[in-house]
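Chains as they are written, first to last, in the working numbering: chain V, 748 to 964; chain G, 748 to 964. Beneath this line is the structure, given in structure tokens, with notes to follow.
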DNA sequence: AGGATTATTTTGATATATCGAAAAATATTT
DNA sequence: AAATATTTTTCGATATATCAAAATAATCCT
């Protein structure tokens with residue numbers, strides 16, 4: 748539908764829209780790694796194409812068409828991430844960058860077939876939901892591990908931080924989506940958690956616990 | 748390494764180099780679907796990058812670096828074709844266009860892992876050889892079905908024509924890479940061939956036989 | 001050999017995507 | 001409310017990739 752650059756802008760607006768209703772030029776420039784001037788230029792183009800509503804000096808918002816396109820790109824990105832992680836065994840912290848490229852491939856049949864090949868996954872390897880063909884996202888009740896009480900049985904559902912350092916750390920500890928964790932004790936000293944995963948005992952710092960999304964068993 | 752446009756030019760030069768040593772501006776324009784003026788422009792760029800040797804008004808030739816890059820792109824294209832056909836069951840005549848996009852993804856780890864996932868295939872679904880990581884192509888002794896004599900036992904190794912009509916026709920007849928064929932008789936009337944594949948008898952027109960590459964059993 | 005034909009390059013122009021610097025609008029501070 | 005700071009837009013410029021039309025070189029033909 749659009750160029751890779753256009754698609755990246757739509758995706759960025761979509762991502763920032765989750766926090767604020769209206770998205771600022773500066774914030775877009777920041778997460779896209781471009782200059783505010785470039786953002787203004789592209790925003791103008793996308794507004795002319797009716798994918799964004801732009802009120803000069805105020806901010807931008809996705810139109811319905813724009814949101815639909817953004818969700819399609821998110822869908823492609825997350826499906827490719829599942830493929831890279833599950834089928835090709837590419838490490839957790841590498842898959843994002845590769846999916847950034849793959850998400851721009853234009854071939855509806857490819858995505859349909861890929862979806863089927865992967866068994867119609869609902870969540871990507873980071874635990875983020877994968878929009879279906881009409882752009883609908885499945886909701887789940889999740890809590891942060893940091894907010895769980897001793898005695899609760901949980902499973903890792905996703906991460907709130909996508910930094911390479913964090914993901915590599917989780918890899919090393921062999922913590923993945925679906926890994927079961929039981930909260931044993933919270934250390935008063937530094938709020939770190941004592942946990943049991945299967946037969947293995949481990950502790951996680953408060954900083955780690957704040958970024959792990961869990962589902963209750 | 749280069750932009751998708753640059754990569755397409757290198758691939759086109761590589762493809763045309765198989766027929767003639769030196770490749771003409773006009774021929775490049777034709778298979779790339781662009782104008783001769785555009786070709787001259789791009790050829791200049793690629794010559795400055797030492798990927799092509801260009802003698803104005805004479806033609807172009809790949810340098811060693813250029814050939815290496817071309818082979819990498821061909822490798823990626825053909826590996827993706829195997830994936831699309833074997834894993835996603837996408838039809839023979841659709842895979843080429845999708846692979847045209849996928850071949851430009853820049854991620855060495857992805858290609859290594861994909862190669863392993865596919866079981867290190869040596870030939871793509873059209874029977875064309877897949878260059879290895881150092882750009883080496885496996886050679887096979889193949890003959891055209893049209894040149895085979897009655898009594899010979901053969902297997903389909905590839906096609907010499909990649910047109911959608913032709914590939915769809917083969918699909919309909921359930922003829923694939925690896926399908927065994929025994930030549931029974933060549934009809935003097937129109938050179939069409941009477942064949943046996945397993946238990947099934949079939950005839951193929953001379954035109955079809957001229958485009959089927961076979962290996963001897 | 002020389003005129004005609006064909007192929008190729010040059011020239012000037014367009015569209016995308018980008019940015020630095022300057023100008024304009026908005027927000028904040030005193 | 002005026003001065004200051006921040007954000008956003010406009011303006012001019014650059015790089016890629018493209019092409020039509022004009023100019024130029026090579027080749028073909030008689």
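Every residue, glycine too, gets a C-beta built ideally from N, C-alpha and C.
Reference residue i; option with closest CA among the options
{"i": "residue 903 of chain V", "options": "V:897, V:890 and V:912", "result": "V:890"}
{"i": "residue 875 of chain G", "options": "G:805, G:925, G:848 and G:806", "result": "G:925"}
{"i": "residue 955 of chain V", "options": "V:844, V:915, V:753 and V:771", "result": "V:915"}
{"i": "residue 883 of chain V", "options": "V:953, V:869, V:840 and V:778", "result": "V:869"}
{"i": "residue 833 of chain G", "options": "G:815, G:759, G:866 and G:920", "result": "G:866"}
{"i": "residue 818 of chain V", "options": "V:837, V:907, V:759 and V:786", "result": "V:759"}
{"i": "residue 776 of chain G", "options": "G:768, G:765 and G:757", "result": "G:757"}
{"i": "residue 820 of chain V", "options": "V:879, V:766, V:804 and V:939", "result": "V:879"}
{"i": "residue 812 of chain V", "options": "V:806, V:793, V:932 and V:823", "result": "V:793"}
{"i": "residue 753 of chain G", "options": "G:802, G:764, G:767 and G:850", "result": "G:850"}
{"i": "residue 905 of chain G", "options": "G:790, G:958 and G:748", "result": "G:958"}
{"i": "residue 908 of chain G", "options": "G:948, G:917 and G:855", "result": "G:917"}
{"i": "residue 768 of chain V", "options": "V:791, V:952, V:807 and V:789", "result": "V:807"}
{"i": "residue 863 of chain G", "options": "V:961, V:922, V:836 and V:911", "result": "V:836"}
{"i": "residue 858 of chain G", "options": "V:831, V:877 and V:952", "result": "V:831"}
{"i": "residue 923 of chain G", "options": "G:770, G:789, G:838 and G:822", "result": "G:838"}
{"i": "residue 934 of chain V", "options": "V:897, V:946 and V:964", "result": "V:897"}
{"i": "residue 873 of chain V", "options": "V:766, V:910 and V:948", "result": "V:910"}
{"i": "residue 841 of chain V", "options": "G:939, G:854 and G:814", "result": "G:854"}
{"i": "residue 815 of chain G", "options": "G:785, G:845, G:772 and G:748", "result": "G:748"}
{"i": "residue 843 of chain G", "options": "G:860, G:861 and G:871", "result": "G:871"}
{"i": "residue 940 of chain V", "options": "V:921, V:899 and V:919", "result": "V:899"}
Residue i to residue j span [Cα, whole Å]
{"i": "residue 887 of chain G", "j": "residue 761 of chain G", "result": "20 Å"}
{"i": "residue 950 of chain G", "j": "residue 942 of chain G", "result": "6 Å"}
{"i": "residue 804 of chain V", "j": "residue 750 of chain V", "result": "25 Å"}
{"i": "residue 912 of chain V", "j": "residue 763 of chain G", "result": "47 Å"}
{"i": "residue 952 of chain G", "j": "residue 755 of chain V", "result": "50 Å"}
{"i": "residue 892 of chain V", "j": "residue 937 of chain V", "result": "15 Å"}
{"i": "residue 790 of chain G", "j": "residue 961 of chain V", "result": "55 Å"}
{"i": "residue 765 of chain V", "j": "residue 774 of chain G", "result": "51 Å"}
{"i": "residue 944 of chain V", "j": "residue 822 of chain V", "result": "31 Å"}
{"i": "residue 895 of chain G", "j": "residue 964 of chain G", "result": "12 Å"}
{"i": "residue 976 of chain V", "j": "residue 848 of chain G", "result": "Any property of residue 976 of chain V remains undetermined from this structure, which presents chain V solely from 748 to 964."}
{"i": "residue 810 of chain G", "j": "residue 770 of chain G", "result": "13 Å"}
{"i": "residue 856 of chain G", "j": "residue 846 of chain V", "result": "13 Å"}
{"i": "residue 802 of chain V", "j": "residue 785 of chain V", "result": "16 Å"}
{"i": "residue 919 of chain V", "j": "residue 772 of chain V", "result": "38 Å"}
{"i": "residue 948 of chain V", "j": "residue 860 of chain V", "result": "41 Å"}
heavy atom of the ligand MG below 7 Å from residue i C-beta
{"i": "residue 785 of chain V", "result": "By its list of ligands, the structure shown contains no ligand whatsoever, and the ligand MG lies outside what it can speak to."}
*Determine which residues of the stretch 823 to 857 of chain G have a Cβ less than 8 Å from any Cβ of chain V, and write them out in chain order.*
Contact annotation: in the stretch 823 to 857 of chain G, residues whose CB is within less than 8 Å of a CB in chain V are 831, 834, 835, 836, 837, 841, 844, 845, 848, 849, 852, 853, 854, 856 and 857.
_Assess contact between the stretch 815 to 830 of chain G and the stretch 793 to 800 of chain V, defined as three or more Cβ pairs (one per stretch) separated by less than 8 Å. Is contact present?_
Short answer: they don't touch.
*Return the residues of the stretch 899 to 916 of chain G that lie within a Cβ-Cβ distance of less than 8 Å from chain V, sorted by chain order.*
Residues passing the 8 Å Cβ filter: none.
*Determine which residues of the stretch 864 to 879 of chain V have a Cβ less than 7 Å from any Cβ of chain G, and write them out in chain order.*
Residues 864.
*Are the stretch 924 to 940 of chain V and the stretch 763 to 783 of chain G touching by the rule of at least three beta carbon pairs closer than 8 Å?*
No contact exists between the stretch 924 to 940 of chain V and the stretch 763 to 783 of chain G.
_beta strand (DSSP E) runs contained entirely in the stretch 909 to 955 of chain G, provided each spans 3 or more residues_ = For the stretch 909 to 955 of chain G, whole beta strand (DSSP E) runs of length 3 or above, ordered along the chain, are 927 to 933, 940 to 944 and 947 to 951.
*Using a beta-carbon distance cut-off of less than 8 Å, what residues from the stretch 752 to 785 of chain G approach chain V?*
Taking 8 Å as the Cβ-Cβ cut-off against chain V, none of the residues of the stretch 752 to 785 of chain G qualify.
*What are the start and end residues of each continuous beta strand (DSSP E) run of 3 or more residues lying completely inside the stretch 783 to 811 of chain V, in chain order?*
Runs found: 799 to 802 and 806 to 809.
_Residues within the stretch 793 to 821 of chain V neighbouring chain G, beta-carbon criterion of under 7 Å_ = Those would be none; no residue qualifies.
*Which whole runs of the beta strand (DSSP E) in the stretch 837 to 870 of chain G are 3 residues long or more, in chain order?*
List check, beta strand (DSSP E) in window: nothing returned.
_Along the stretch 943 to 954 of chain V, where does the CB come closer than 8 Å to a CB of chain G? Name the residues._
Closer than 8 Å at the C-beta level to chain G, one finds no residue of the stretch 943 to 954 of chain V.
*Please list the residues of the stretch 914 to 939 of chain V that have a C-beta atom closer than 7 Å to any C-beta atom in chain G, keeping them in chain order.*
If the cut-off is 7 Å between Cβ atoms, the stretch 914 to 939 of chain V has nothing near chain G.
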